[in-house]
Amino acid sequence: MIDLFTPWTFKSLDLKNRVVMPPMCQYSVEKKDGIATDWHFVHYVSRAIGGAGLIIIEMTDVEPDGRITDNDLGLWSDKQIPALARIVAECHKYGAKVAIQIAHAGRKAEDAAVPVAPSAIAFNEHYKTPRALTTEEAKAMPEKYAAAIARAVKAGFDAIELHGAHGYLIHQFQSAYTNKRTDAYGNDLAKFGVEVVQAAKSVMPADMPLIMRISAIEYVAGGYGLDHSIALAKKYKEAGVDVFHVSAGGEGPIEAAGKPGTHAAYQVPFAREIKKAVDTPVIAVGRLDEPQLANAVIGNEEADLVAVGRGMLRHPYWALQAASELHKETELPRQYRYGFPSLMH
Numbered sequence: 000m001i002d003l004f005t006p007w008t009f010k011s012l013d014l015k016n017r018v019v020m021p022p023m024c025q026y027s028v029e030k031k032d033g034i035a036t037d038w039h040f041v042h043y044v045s046r047a048i049g050g051a052g053l054i055i056i057e058m059t060d061v062e063p064d065g066r067i068t069d070n071d072l073g074l075w076s077d078k079q080i081p082a083l084a085r086i087v088a089e090c091h092k093y094g095a096k097v098a099i100q101i102a103h104a105g106r107k108a109e110d111a112a113v114p115v116a117p118s119a120i121a122f123n124e125h126y127k128t129p130r131a132l133t134t135e136e137a138k139a140m141p142e143k144y145a146a147a148i149a150r151a152v153k154a155g156f157d158a159i160e161l162h163g164a165h166g167y168l169i170h171q172f173q174s175a176y177t178n179k180r181t182d183a184y185g186n187d188l189a190k191f192g193v194e195v196v197q198a199a200k201s202v203m204p205a206d207m208p209l210i211m212r213i214s215a216i217e218y219v220a221g222g223y224g225l226d227h228s229i230a231l232a233k234k235y236k237e238a239g240v241d242v243f244h245v246s247a248g249g250e251g252p253i254e255a256a257g258k259p260g261t262h263a264a265y266q267v268p269f270a271r272e273i274k275k276a277v278d279t280p281v282i283a284v285g286r287l288d289e290p291q292l293a294n295a296v297i298g299n300e301e302a303d304l305v306a307v308g309r310g311m312l313r314h315p316y317w318a319l320q321a322a323s324e325l326h327k328e329t330e331l332p333r334q335y336r337y338g339f340p341s342l343m344h
């Protein structure tokens, strides 16, 4: 039987357990230069000390106007590499592996003078109306992702995650709700995402896994459902995606007919269905903070990895506490051994 603390290996990624810290924006870049700060260092290294198997660094953007805010991380410059490399190296000391989420906010870039998007449709009345990318600009955008990913490889990351969820640029292209184009990128809603995946793979080591976060369903009226996301995932897998990180929503104002669940594990069925239909490993996320529940998701083989977001914001040592509650063996920093007597040998 597998459980939350069974090691997991895929290509070059060798995890000591199935616990993932998902990407969560900190909005903590101080000089608006996209460079990680001491806050980011302490924040991520704390979770490595706390026992997480995989840490995914927050949304990191491919160009300045691709950020949600000017206080977000970036990888459009070599100057941004050293601070991230320092975080990766320190996390490795505690047995954690580290990925980074590469993204472009598209129409949700709040501080851009004029955001760009597939079509000139604002997120809501409080957001700026974006400028539609020309066909030539859309063709060129994947190279910006590739350049950022090449820098991430130099920084020593163990895996790359592309952000194709939550209403950001790749999601905007793959949704009929936000993509009203009449060119090739409108005729094939997966085309942009496929080209980003191919560009990413062109600069990644062959044995480095590529993760893609996707929104399995949309919460707007008339938004796409699971059939569409499964079809997208099959195309993305063919292009080179190895693992899907399955979330939902984020594409527009939530409609009454499509409200997300508020119960525990409400997104796990989406992960399970994509895992089965696409035949790839998946990361489940969404109200999985209780160790017994997270363990059950793994034991029932509904997902390969479990991401614990808000729970890990509240408790940096969530994975150690989970091991203690579940009576599982895990690496324990000697300095903390008296805090977790059930893990002492």
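Reading the sequence shown from the start, the letters are residues 0 to 344 in numbering that gives the first Met the number 0.
Quick reminder that beta carbons are idealized off the backbone N, C-alpha and C, glycines included.
On a predicted model such as this, the values are computed, not experimentally measured, just so you know.
Looking only at TYR223, PHE191, GLU300, the smallest Cα-Cα distance to GLY257 is reached by TYR223. In summary, GLN291 is exposed, with fewer than 16 beta-carbon neighbours lying within 10 Å of its beta-carbon over all protein chains present.
Rounded to the nearest whole angstrom, the CA to CA distance from PRO141 to ASN16 is 33 Å. Apart from sequence neighbours up to five positions away, the residues of its chain that approach MET343 with a beta-carbon distance below 6 Å are ARG336, ordered along the chain. Taking the CA atoms as reference points, LYS153 sits about 43 Å from ALA220.
Taking C-beta separations shorter than 6 Å and ignoring five residues to either side along the sequence, the partners of ALA147 in its chain run VAL61, LEU74, ILE101, following chain order. Distance check between GLY248 and each of PHE40, GLY163, GLN197, ILE210 places GLY163 closest, using alpha-carbon atoms only. Taking the CA atoms as reference points, GLY33 sits about 15 Å from ARG85. Measuring C-alpha to C-alpha distances from LYS179 to each of GLU160, THR133, PRO280, VAL195 identifies THR133 as the nearest. Sixteen is the threshold: when 16 or more other Cβ atoms of the shown chains lie within 10 Å of the Cβ of ASN294, as they do, the residue is buried. By the neighbour-count criterion, in which 16 or more other beta carbons inside 10 Å mark a residue as buried, VAL115 falls on the buried side. ALA151 and SER76 have their C-alpha atoms roughly 11 Å apart.
Listed as beta-bridge partners of THR8 by DSSP are ASP13. By the Cβ neighbour-count rule, SER341 is exposed, with fewer than 16 other Cβ atoms within 10 Å of its own. By the Cβ-count criterion, THR128 is exposed, with fewer than 16 other Cβ atoms from all chains shown falling within 10 Å of its own Cβ.
Within the region 203-236, the beta strand (DSSP E) runs of at least 3 residues that lie entirely inside it are, in chain order, 209-214. Taking the Cα positions, ASP206 is about 5 Å away from SER11. Here the C-alpha atom of LYS274 lies approximately 32 Å from the C-alpha atom of ASP182. For GLY310, no beta strand (DSSP E) segment is defined; the enclosing uninterrupted segment is the alpha helix (DSSP H) at 309-313. Below 8 Å, enough C-beta pairs join the region 193-211 and the region 235-251 to call them touching: three or more. With 16 or more other Cβ atoms from the protein chains shown falling within 10 Å of its own Cβ, GLU217 counts as buried. About 7 Å separates the CB atoms of ILE282 and VAL245; that is less than 8 Å, so the two are in contact. Inclusion of ILE56 and HIS103 in the CB contact set at 9 Å is not warranted, their separation being larger than that value. In summary, ASP71 is buried, with 16 or more beta-carbon neighbours lying within 10 Å of its beta-carbon over all protein chains present. Following the DSSP letters along the chain, one finds ILE34 in no beta strand (DSSP E), marked with neither H nor E.
Residue state for PHE269 is assigned as helix, using DSSP reduced to three classes. Comparing C-alpha distances from GLY105 to each of PRO252, ILE229, GLY65, HIS165 shows the shortest one belongs to GLY65. Looking at the DSSP output, ILE282 shares a beta bridge with HIS244, LEU304. Take LEU304, set aside five residues on each side of it, and the residues of its chain with a beta-carbon closer than 6 Å to its own are ARG17, VAL19, ILE282, in chain order. Selection VAL44, ILE120, GLY52, ILE48 evaluated against LEU83 yields VAL44 as nearest (Cα-Cα). When beta bridges are read from the DSSP output, LEU161 appears opposite ILE101, MET211. The beta carbons of ARG46 and PRO315 sit closer together than 9 Å. In terms of Cβ geometry, PRO21 and ASP13 do not form a close pair [threshold 9 Å]. Straight across, the Cα-Cα distance linking THR329 with ARG313 is about 21 Å. Straight through space, the alpha carbons of LYS327 and ALA321 are spaced by roughly 8 Å. Sixteen is the threshold: when 16 or more other Cβ atoms of the shown chains lie within 10 Å of the Cβ of THR177, as they do, the residue is buried.
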